[in-house]
Amino acid sequence: MSSVATARLLPAEETTPAPCADTRPVKLRVTGVSVSFRMEGVQRTVLEGINLECREGEFICLLGPSGCGKSTLLNVIGGFLTPTQGQVLIDGQPVTGPDPRRIFVFQERGVFPWLTVEGNIGFGLQHLPAEQRRQRIAHYVEMVGLRGFERAYPSELSGGMKQRLEVARALAVNPDMLYLDESFGALDYITRHTMRRELLRLWTTEKKTILFVTHDIDESVQLADRVVVMSARPGRIQRVVDIDLPHPRDISAPRYLQYRDELLDELGVAHKV
Amino acid sequence: MRPSRKTLETLLLPTLTGLLLLLLWHGAVRLSKTTTFPTPWQVLRGMEELASQGRLTGYIRDSIHRVVTGYLLAVAVGLPAGLFMGLHAPTARVLGPVIQLLRPISPLAWIPVSIILFGVANTATVFLIFLASLFPLTLAAMNAVRSVPAIYLRAGQNFGLGRVALLRRVILPAALPYALTGLRLSFGIAWLVVVAAEMIGVDSGLGYLIIDARNAGKRYDLVVAGILLIGSIGLGLDVLMRRLERARSVRWAYHRET
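Residue numbers (the numbering used here), protein chains in the order written: chain A, 1 to 273; chain B, 1 to 258.
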């Protein structure tokens with residue numbers, strides 16, 4: 001009970017900054033998106049009335065329990081799924097399909113096992129002249145710490161290395177947005193921790209707009225500018241929480257723990273195990 | 001030295017088993033006092049006889065030639081057909097049931113058909129081998145394409161690949177190892193069918209040897225020689241085909257993560 005009380009003590013003006021504070025242009029605008037499927041003769045609504053706005057360079061986490069439609073929403077935004085209703089605009093243009101300017105990062109399963117580390121990173125760079133391509137590959141090999149493994153195949157890499165490889169492959173085509181779908185979910189705790197730090201470093205240096213789907217509360221508080229909390233069946237946006245903490249974030253700081261508690265409450269998760 | 005020890009084991013153990021079986025065979029023939037079934041020694045002498053007549057290498061060459069011809073024809077037809085069916089679901093729905101219906105029919109059942117089509121000739125034999133390997137090969141190629149994980153297709157599309165590029169850079173490399181296994185297995189079937197296929201219309205080859213030796217003077221030493229030759233050549237061909245699976249471009253699929 002005391003932890004609930006602490007969460008409520010969070011001063012309101014700190015969780016909701018003034019609306020005019022952010023002057024960055026709007027990158028993504030989701031309006032009235034609903035998705036429903038017909039499954040076994042029953043019409044199922046997976047997403048209902050989703051409205052979301054994301055500014056250039058923002059890091060947004062979509063947080064929610066399994067089956068809340070957060071991955072479906074990311075697929076709609078990524079152009080892999082056409083919504084039943086509503087519209088997705090990126091830079092003012094409607095999304096009609098997948099686009100190399102916006103790369104989806106799956107769990108490490110997305111790397112191509114028949115290509116080497118170099119081959120994977122260079123996959124989206126076929127249009128470049130050989131020399132430029134080689135330089136770009138070398139740059140991203142270095143950036144994700146895979147030097148010495150250029151000729152290795154994914155099956156020879158650890159889970160964390162494969163994940164870094166997939167991120168490198170995505171970054172190599174210089175996209176403006178990255179979509180990560182529980183990308184670190186299959187990694188062990190320590191590797192996951194390192195990967196988050198790496199991602200934040202890349203986000204700061206490369207200035208990408210990032211949408212990150214997760215069911216991990218800690219992950220969302222560590223990474224996001226804003227956490228979009230979703231509820232299940234049908235998937236709706238329950239609340240948007242601004243995480244007003246500077247990076248690097250101290251995961252033992254009282255303010256961090258307050259945000260964490262707030263999100264635990266929002267998702268209706270008990271504070272005691 | 002660990003590698004040499006491993007080689008020793010993989011070579012020595014089967015050799016020992018083989019020797020033991022030969023010994024048992026020899027003992028069984030001796031104990032039963034049979035005069036129809038040959039001892040290993042008599043079989044060896046039979047092979048020598050064939051070699052001295054020049055029939056041994058000729059028969060082996062003819063059999064391999066027929067199998068390879070029939071098989072390559074099946075690859076030329078079945079591989080593209082299977083790949084196309086894997087990519088194009090409507091075609092698969094139309095042709096799939098037909099192939100599924102034809103596949104379980106023993107190649108022996110086609111003997112009359114192939115004689116009607118090609119007469120008693122070498123072509124009839126090749127046609128039987130072609131038919132026997134065609135259906136499993138087509139289905140293997142189709143399934144190899146179909147089982148390419150959707151996640152690779154999505155990643156390919158995400159990087160802006162069109163249909164042709166997606167086929168060339170994602171679908172084919174992802175399907176290759178599984179198609180290769182299908183190719184190897186159907187080659188095994190092609191070899192398996194050679195005996196039956198050479199029972200019609202030809203007067204050479206290892207299958208012919210078996211039938212001819214039985215019909216002309218009940219030469220069971222030559223029958224068994226034929227059987228052993230078919231077995232060992234089949235094994236050798238399979239080992240060669242397995243070599244392909246060790247190529248760098250497909251090895252990933254057989255690599256089990258530790």
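Quick reminder that beta carbons are idealized off the backbone N, C-alpha and C, glycines included.
These figures come from a predicted structure and were not determined experimentally.
> Between F118 (chain B) and the rest of its own chain, which residues show a CB-CB distance below 7 Å, the 5 nearest in sequence each way excluded?
Replying inline: Excluding the 5 residues flanking it on each side, F118 (chain B) has same chain C-beta neighbours closer than 7 Å at A124, F127, in chain order.
>> Taking a contact to mean a Cβ-Cβ separation below 8 Å, would you say L153 (chain B) touches L166 (chain B) in this structure?
In response: yes
> If we cut at 8 Å on Cβ distances, does R154 (chain B) have a partner in chain D?
Replying inline: Annotation note: the requested chain D is absent from the structure, which comprises protein chains A and B.
>> Under 8 Å: do the stretch 230-245 of chain B and the stretch 40-50 of chain B share three or more Cβ pairs, one atom per stretch?
In response: no
> Listed in chain order, which residues of the stretch 64-83 of chain A have Cβ atoms closer than 7 Å to some Cβ of chain B?
Replying inline: F80
>> Let me confirm a value: I230 (chain B) is counted as buried when at least 16 other C-beta atoms fall within 10 Å, else exposed. Which label applies?
In response: Burial call: buried.
> Does the count of Cβ pairs from the stretch 247-256 of chain A and the stretch 50-58 of chain A closer than 8 Å reach three?
Replying inline: no
>> Taking contact to mean 3 or more Cβ pairs, one atom from each stretch, closer than 8 Å, check whether the stretch 189-203 of chain A and the stretch 117-130 of chain A are in contact.
In response: no
> Which residues share a DSSP beta bridge with L52 (chain A)?
Replying inline: A:V30
> With burial defined as no fewer than 16 other Cβ atoms inside 10 Å of the residue's Cβ, what is the status of T15 (chain B): buried or exposed?
Replying inline: exposed
>> Spatial neighbours of T39 (chain B) within its chain, please: C-beta separation below 8 Å, excluding the five flanking residues on both sides.
In response: So the qualifying residues of the chain are W25, H26, V29, R30.
> Where R101 (chain A) and P149 (chain B) are concerned, what is the direct C-alpha to C-alpha distance, given to the nearest angstrom?
Replying inline: 23 Å
> In the DSSP assignment, what residue or residues form a beta bridge with G96 (chain B)?
Replying inline: According to DSSP, G96 (chain B) bridges with nothing at all.
>> Can you tell me where the beta strand (DSSP E) holding Q87 (chain A) begins and where it ends?
In response: 85-90
> Where does A170 (chain A) land, buried or exposed, given buried means 16+ other C-beta within 10 angstroms?
Replying inline: buried
>> Would I93 (chain A) and G32 (chain A) be called neighbours here (beta carbons separated by less than 8 Å)?
In response: Sequence check: residue 93 (chain A) is Gln here, not Ile. Contact: no.
> Between B:G156, B:I60, B:Q100, B:A253, which lies nearest to I227 (chain B) when the distance is taken from Cα to Cα?
Replying inline: With distances taken between Cα atoms, I227 (chain B) lies closest to B:I60.
> Listing by chain order, which chain A residues have their CB less than 8 Å from the CB of S249 (chain B)?
Replying inline: W114
> Residues in its own chain within less than 8 Å of V4 (chain A) by CB, not counting five upstream and five downstream?
Replying inline: Reliability fails at V4 (chain A), whose pLDDT of 45 lies under 50, so the model's placement of it is uncertain and the value that follows must be treated cautiously. Contacts found: D261, D265, H271.
> the ligand GTP heavy atoms versus the CB of G235 (chain A): any closer than 7 Å?
Replying inline: Only the bare structure without any ligand can be found here, which leaves the ligand GTP out of the picture.
> If we call anything under 8 Å between Cβ atoms a contact, is M230 (chain A) one with L81 (chain A)?
Replying inline: Between M230 (chain A) and L81 (chain A), the C-beta gap is not smaller than 8 Å, which leaves the two residues out of contact.
> Name the chain A residues whose beta carbon is nearer than 8 Å to that of W252 (chain B)?
Replying inline: P113, W114, Y153, P154, S155
> So what does V224 (chain B) bridge to, in DSSP terms?
Replying inline: Paired residue(s): none; V224 (chain B) is not in a bridge.
>> Using the Cβ count rule (16 or more neighbours within 10 Å means buried), how would you classify E131 (chain A)?
In response: exposed
>> Could you check whether R66 (chain B) and V223 (chain B) sit closer than 8 Å to each other, using their CB atoms as the reference points?
In response: Contact: no.
> Based on the DSSP output, what are the partners of Q43 (chain A) in its beta bridges?
Replying inline: A:R38
> Would the stretch 111-123 of chain A and the stretch 157-167 of chain A be scored as touching if the rule is three or more Cβ pairs under 8 Å?
Replying inline: yes
> The beta strand (DSSP E) spanning R226 (chain A) covers which residue range?
Replying inline: Counted as a single uninterrupted DSSP element, the beta strand (DSSP E) harbouring R226 (chain A) occupies residues 226-231.
>> Out of A:G79, A:G69, A:F149, A:V42, which one is the CA nearest neighbour of L28 (chain A)?
In response: A:G79
>> I need the DSSP call for P94 (chain A), collapsed to helix, strand or coil.
In response: strand
>> Do L139 (chain B) and I99 (chain B) have their beta-carbon atoms positioned less than 8 Å apart in this structure?
In response: yes
>> Residues of the stretch 152-186 of chain B in Cβ contact with chain A at a cutoff of 7 Å, in chain order, please.
In response: Residues of the stretch 152-186 of chain B with a C-beta atom less than 7 Å from some C-beta of chain A are Y152, R154, A155, Q157, N158, F159, G160, P173, A174, listed in chain order.
> Which residues in chain B sit within 8 Å of G124 (chain A), going by Cβ to Cβ distance?
Replying inline: Within 8 Å Cβ-Cβ: F159, G160.
> Where R109 (chain A) and G18 (chain B) are concerned, what is the direct C-alpha to C-alpha distance, given to the nearest angstrom?
Replying inline: Distance between the alpha carbons of R109 (chain A) and G18 (chain B): 45 Å.
>> Would C68 (chain A) and G235 (chain A) be called neighbours here (beta carbons separated by less than 8 Å)?
In response: yes
> Going by DSSP, what residues sit across from I60 (chain A) in a beta bridge?
Replying inline: A:L211, A:R226
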